[in-house]
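The next block holds one structure in the form of C-alpha cells; read it before the comments.
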Amino acid sequence: MAQLIKLQDYVSRYAQDIYLYPSRYVRLKKRQWEGWKEKWEHGSDQPIDFMKESSPPLPESFLEKIKSRIRLHGSGVEAEMIPEGQRHSEEQDILFGAGAFDSLHSIHTEEGLKQHFLDNLLPFQLKWASSTLTERSFLAKDFLHDPTLKFLLQRFPDTFLVLYKPIFLLKKAPVEAELVLITPVAAMCISFMEAEEDAAFIGSKDRFWIKKTRNTEAKILNPLIPLNRTEKIVKALFDLYEVNLPVQKLLLSRNGYFDYPLPPYGVQFIDKRDFADWFIGQRGMKSPLKHIQLKAAQVLLQFCQTTSVRRLEWENQPGDGE
Numbered sequence: 213m214a215q216l217i218k219l220q221d222y223v224s225r226y227a228q229d230i231y232l233y234p235s236r237y238v239r240l241k242k243r244q245w246e247g248w249k250e251k252w253e254h255g256s257d258q259p260i261d262f263m264k265e266s267s268p269p270l271p272e273s274f275l276e277k278i279k280s281r282i283r284l285h286g287s288g289v290e291a292e293m294i295p296e297g298q299r300h301s302e303e304q305d306i307l308f309g310a311g312a313f314d315s316l317h318s319i320h321t322e323e324g325l326k327q328h329f330l331d332n333l334l335p336f337q338l339k340w341a342s343s344t345l346t347e348r349s350f351l352a353k354d355f356l357h358d359p360t361l362k363f364l365l366q367r368f369p370d371t372f373l374v375l376y377k378p379i380f381l382l383k384k385a386p387v388e389a390e391l392v393l394i395t396p397v398a399a400m401c402i403s404f405m406e407a408e409e410d411a412a413f414i415g416s417k418d419r420f421w422i423k424k425t426r427n428t429e430a431k432i433l434n435p436l437i438p439l440n441r442t443e444k445i446v447k448a449l450f451d452l453y454e455v456n457l458p459v460q461k462l463l464l465s466r467n468g469y470f471d472y473p474l475p476p477y478g479v480q481f482i483d484k485r486d487f488a489d490w491f492i493g494q495r496g497m498k499s500p501l502k503h504i505q506l507k508a509a510q511v512l513l514q515f516c517q518t519t520s521v522r523r524l525e526w527e528n529q530p531g532d533g534e
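Remember, my numbering sits 212 above the position in the sequence shown when you count from 1.
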C-alpha cells in the first residue's frame, strides 16, 4: 500500500520527518495486519492487544512539558519527544475503532480480508496526510471516495511515496501540480486520463485535444500542459538540491486509448492496451526505500504549501507568559 506523503495543501506528518514516518508506517501496517488475520482465523470475541509494544499513557505533567517546548520551538519537535509506543496509540484507535471487526465473520477468503483491511486503512492514511500532533487541516470528504487516490494507495507497494495534487509554493505564488509518485528508481509525474469506457483521446500540440466516444466528440484541455509544468518544477528542485533521481512524465488511461500521430519526446503514453503490463511491472518492484528517494521527497515537501489550523488542545493557555 503506497504512502500518501502529501495531499494538496494539507499538513502532513511526513513533512515533519520524512526519514522517520515511512518506516514507522510499514512496521505499524505489518503489526496491524497480523492482528486482523489472527482475529479472522480464530474468530475470537476477545479484543486483541495489537499494540503490545505500546507505552502507558503519558502523564499530564509530561504532556505539559511537551506543549511548552512546542510553543517555544515549533511543532517540529513533537516526533522527537513522544515515546515510540505513545505515537502509535491514536493510530490504533483509527484502525480498530468501533465497528472495525463487525463484518469479519462474513469474510470467507484471505483476499476478501485483505481488501477489508485496506479499506479500513484508508482513513488512517488520510489522517496522517492531514494532521499532526499539534495541527490539522480540514479534510474534504471527497478524498475518502476518490477512486484514483484509492487505486494508488491500495495497489502499489509500500515503498512508493505519493504527492497527490500537491500545491507548490514558488516565489510566494501557489502552483497546482499533477500527481507525483516517488519510487525507489524514479520520480514519476503522472496525469490520469479517464472518461467513458473505450474513449479515445486525440492528441496534438494545440491547447485543446479531442475526446471521442461512440456517440460524442468534445474538446478537452491538453493534459500535457499541467504535466509539463509539474515536471519542470520537480526537475528544477532536484537540480537545485542535487537530487540524482530520474524524472519521468506519464500519461495514463486505464479504460481509454491515446491517438497521437507524432507524440512529443519524453512522455510515456500508457493506455488500455499496455496499462496492465506497466502496472504489473510497478507492483513487482522489490527495491526497498532508498535514501535518495527520501531526499527527493524531503525537497519537494519543503516547497509545498500548507494550510492548517492549530489543534485546540495545543493553543496557548492563559498564564503561559507569551
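Even for Gly, the Cβ is constructed at its ideal location relative to N, Cα and C.
Count the other CB atoms within 10 Å of the CB of glutamine 220; is the residue buried (16 or more) or exposed (fewer)?
-> Here glutamine 220 is buried. Its C-beta has 16 or more other C-beta atoms within 10 Å.
Express the C-alpha separation of leucine 333 and proline 234 in angstroms, rounding to a whole number.
-> Cα to Cα, proline 234 sits roughly 15 Å from leucine 333.
Nearest to glutamate 390 by CA position, among Pro396, Leu436, Thr346, Ala398, is which residue?
-> Leu436
Which residue spans inside the segment 218-255 form an unbroken alpha helix (DSSP H) run of at least 4?
-> 225-228, 233-254
Residues that lysine 413 bridges to, as DSSP identifies them | Checking the displayed sequence, the identity of residue 413 turns out to be phenylalanine instead of lysine. According to DSSP, phenylalanine 413 bridges with Lys423, Phe470.
Runs of beta strand (DSSP E) wholly within the segment 312-381 (minimum 3 residues, chain order) = 373-376
Using 10 angstroms around the beta-carbon of glutamine 606, count the other beta-carbons present and answer buried if the total reaches 16, otherwise exposed.
-> Absent from the model: residue 606. The displayed extent of the chain is 213 to 534, so no value can be given.
Neighbourhood of leucine 449 by C-beta, 7 Å cutoff - its chain only, sequence neighbours within 5 removed = Val511, Leu512, Phe515
Which two residues bound the contiguous alpha helix (DSSP H) that contains alanine 488?
-> 487-495
Identify whether glutamate 388 lies in helix, strand or coil by the three-state DSSP scheme.
-> strand
Which of helix, strand or coil does DSSP assign to leucine 463?
-> In the three-state reduction of the DSSP assignment, leucine 463 falls in the strand class.
Proximity winner among Asp451, Thr442, Val374, Ser416, relative to lysine 431 (alpha-carbon distances) | Per the Cα distances, Ser416.
Short CB-CB distance (under 9 Å) between glutamate 323 and chain B | Looking for chain B here will not work: only one protein chain is present.
Go to lysine 431, then tell me how far its beta strand (DSSP E) extends in each direction, as first and last residue.
-> 429-433
Inter-residue Cα distance where the pair is leucine 381 and phenylalanine 487 = 33 Å
Inter-residue CB distance, aspartate 471 and isoleucine 414 (contact presumed, cutoff 8 Å) = Between the beta-carbon of aspartate 471 and that of isoleucine 414 there is about 5 Å, and that keeps the pair under the 8 Å contact cut.
Provide the residue span of the alpha helix (DSSP H) that contains valine 446, from first to last.
-> 436-452
So which of Leu216, Asn467, Glu250, Phe350 has the shortest CA-CA distance to arginine 522?
-> Phe350
What is the C-beta distance between methionine 153 and glutamine 460, in whole angstroms, given that I count them as a contact (C-beta under 8 Å)?
-> Residue coverage of the chain in this structure runs from 213 to 534, which leaves residue 153 outside it and unanswerable.
Within the same chain, show all residues whose beta-carbon is closer than 6 Å to that of proline 378, passing over the 5 residues directly before and after it, in chain order.
-> Exclusion of the five residues before and after proline 378 leaves Lys218, Ala389, Cys516 as the residues of its chain whose Cβ lies within less than 6 Å of its Cβ.
Quickly, what does DSSP pair methionine 400 with across the bridge? List them, please.
-> Leu393, Gln460
Could you tell me if isoleucine 402 is buried or exposed, where buried requires 16 or more neighbouring beta carbons within 10 angstroms of its beta carbon?
-> buried
Taking just the CA atoms, how far does tryptophan 252 sit from threonine 395?
-> Taking the straight line from one Cα to the other gives about 33 Å.
On the premise that alanine 508 lies in contact with valine 374, defined as a C-beta separation below 8 Å, what is that separation, rounded to the nearest angstrom?
-> Between valine 374 and alanine 508 a beta carbon distance of about 13 Å is seen, past the 8 Å cut, so the two are scored as non-contacting.
In terms of residues, what are the limits of the beta strand (DSSP E) holding valine 479?
-> 479-482
With a Cβ-Cβ cutoff of 9 Å, do aspartate 418 and tyrosine 469 count as a contact?
-> For aspartate 418 and tyrosine 469, no; Cβs fall outside 9 Å.
Quick one: grab the DSSP three-state call for glutamine 514.
-> helix
Measuring alpha carbon to alpha carbon, tell me which of Phe420, Gln480, Asn467, Ala352 ends up nearest glutamate 443.
-> Gln480
With DSSP collapsed to three states, give me the class of leucine 506.
-> If DSSP states are grouped into helix, strand and coil, leucine 506 belongs with the helices.
Per DSSP, the bridge partner or partners of arginine 522 | Glu347
Just mark serine 342 as buried or exposed, buried being the case when its beta carbon has 16 or more other beta carbons within 10 Å.
-> buried
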